[in-house]
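**Student:** Everything in the sequence shown is counted per the working numbering, starting at 304 for the first residue and increasing by one. Got a structure for you, written out below as structure tokens; questions coming shortly.
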Amino acid sequence: LNADATRPPHAAEAALMLRVVRRLERLGESLLDYARVRPPQTRPVNLHTLVEEAITLVRLDRETGRVNLTNQTPVDLILECDWDRMVQVLVNLLRNAADAIRSAGEHPELPFPRPPEERRHAAIAGSVVVAADLSSREGQDWVSITVSDTGPGIDPDMLSRLFEPFASTRLDARGTGLGLAVTEGIVKEHGGLILARNRADCPGAVFEILLPRRAPSP
Numbered sequence: 304l305n306a307d308a309t310r311p312p313h314a315a316e317a318a319l320m321l322r323v324v325r326r327l328e329r330l331g332e333s334l335l336d337y338a339r340v341r342p343p344q345t346r347p348v349n350l351h352t353l354v355e356e357a358i359t360l361v362r363l364d365r366e367t368g369r370v371n372l373t374n375q376t377p378v379d380l381i382l383e384c385d386w387d388r389m390v391q392v393l394v395n396l397l398r399n400a401a402d403a404i405r406s407a408g409e410h411p412e413l414p415f416p417r418p419p420e421e422r423r424h425a426a427i428a429g430s431v432v433v434a435a436d437l438s439s440r441e442g443q444d445w446v447s448i449t450v451s452d453t454g455p456g457i458d459p460d461m462l463s464r465l466f467e468p469f470a471s472t473r474l475d476a477r478g479t480g481l482g483l484a485v486t487e488g489i490v491k492e493h494g495g496l497i498l499a500r501n502r503a504d505c506p507g508a509v510f511e512i513l514l515p516r517r518a519p520s521p
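Okay, here's the thing in structure tokens:
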């Protein structure tokens, strides 16, 4: 019998196995989310409060550290949506943005002008901002929610298939390849649309969610 086969795993090996198990758990949950067919349970919610909850969950789940997560949505904007599912959408986008910034490495001096708030906090490596505004199109009110980051941006070759299942090539311990596909599915269930683009003013990405302010009739 090989002695190595009976020895307890080293700490690094145990940590690796734990990451694999947790990733498999997340993959299973994502597959269930992707396959689930259930109409959204919509109700009027305060968007600012919803975004605050998503940011809090990401801070608990991720070591955001030097990534500044900011909620700039109006404090009085009411939107009809499924609270839990829309929180899931924002958590997915915020996690992706924070991970992209962290994976880009440490940048003592970012190669673009930083806003005053970031200049006052020199230790901040990057930022993710959630904003929203209201517009009217063809007699219907729409809410635009944007999640903007100062990360490395999106590979242009990936933009056209970003929301396809397993399109991402970064299937590391934190990813399952289904997050954005699930996100798009939830937004579509709400009668909305999600778009992705790279920022024009500086390196980084923008995800924009367009939702009808009032839930579509079943």
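C-beta atoms are modelled at their ideal positions from N, C-alpha and C, and glycine is treated no differently.
Excluding five sequence neighbours on each side, which residues of the same chain lie with their C-beta closer than 6 angstroms to the C-beta of GLU383?
**Tutor:** Only THR345, PRO347, ARG517 and ALA518 meet the Cβ criterion.
**Student:** What's the call for ASP460, buried or exposed, on a 16-neighbour Cβ count within 10 Å?
**Tutor:** The residue in question, ASP460, is exposed, as its Cβ has fewer than 16 Cβ neighbours within 10 Å.
**Student:** Assuming SER451 contacts VAL432 under a Cβ cut-off of 8 angstroms, what Cβ separation, rounded to an integer in Å, is found between them?
**Tutor:** With a Cβ gap of about 5 angstroms, SER451 and VAL432 count as contacting.
**Student:** Figure out for me which residue from ASP436, LYS491 and ARG362 has the closest Cα to the Cα of HIS351.
**Tutor:** Here the closest residue by C-alpha is ASP436.
**Student:** Quick one: residues in its chain with C-beta nearer than 8 angstroms to the C-beta of GLY495, no 5 flanking neighbours on either side, listed in chain order?
**Tutor:** Counting only Cβ-Cβ distances below 8 angstroms, and skipping sequence neighbours, we find ILE512, LEU513, LEU514 and PRO515.
**Student:** How close, in whole Å, do the beta carbons of GLU487 and PRO343 come, if the pair is a contact with beta carbons under 8 angstroms?
**Tutor:** That pair is no contact at about 14 angstroms.
**Student:** Taking the C-alpha atoms as reference points, what is the distance between GLN391 and ASP402?
**Tutor:** Whole-angstrom Cα-Cα distance: 16 angstroms.
**Student:** From GLY507, PHE466, ALA499 and LEU380, pick the residue whose C-alpha is nearest to that of TRP445; which is it?
**Tutor:** Per the Cα distances, LEU380.
**Student:** To which residues does DSSP link ASP364 through a beta bridge?
**Tutor:** According to DSSP, which records beta bridges pairwise, ASP364 is partnered with nothing at all.
**Student:** What is the residue span of the alpha helix (DSSP H) that ASP402 lies within?
**Tutor:** It spans 386-406 - the alpha helix (DSSP H) in which ASP402 sits, taken as one unbroken run.
**Student:** Name, in chain order, the residues that DSSP records as bridge partners for SER451.
**Tutor:** In the DSSP output, where bridge partners are listed per residue, SER451 has VAL432 and VAL509.
**Student:** Assign ASP385 to buried or exposed, taking buried as 16 or more other Cβ atoms, counted over all protein chains shown, within 10 Å of its Cβ.
**Tutor:** It counts as buried.
**Student:** Expressed to the nearest angstrom, what Euclidean distance is found between the alpha-carbon atoms of ALA499 and ARG388?
**Tutor:** Going by the C-alpha atoms only, they are around 19 angstroms apart.
**Student:** Comparing C-alpha positions only, which one of LEU397, GLY456 and LEU465 sits nearest to ALA503?
**Tutor:** If we check each option's Cα against that of ALA503, GLY456 comes out closest.
**Student:** Which residue wins for smallest C-alpha separation from ALA508, given the options SER430, GLY442 and ILE358?
**Tutor:** Comparing Cα positions, the closest option is SER430.
**Student:** For THR373, which residues in the same chain have their Cβ closer than 6 angstroms to its Cβ, ignoring the five residues on either side in sequence?
**Tutor:** For THR373, where only same-chain residues beyond five positions count, the Cβ hits under 6 angstroms are VAL432.
**Student:** Could you check what DSSP says for LEU358 in three-state terms: helix, strand or coil?
**Tutor:** Before going further, note that residue 358 is Ile rather than Leu in the sequence given. ILE358: helix per DSSP, three-state reduction.
**Student:** Do you know offhand how far LEU363's Cα is from ASP458's?
**Tutor:** Whole-angstrom Cα-Cα distance: 28 angstroms.
**Student:** Between the Cα of ALA434 and those of PHE466, GLU441, LEU465 and LEU396, spot the shortest distance and give me the residue it belongs to.
**Tutor:** Closest option to ALA434, Cα to Cα, is LEU396.
**Student:** Taking just the CA atoms, how far does SER438 sit from ASN501?
**Tutor:** Approximately 23 angstroms between the Cα atoms of the pair.
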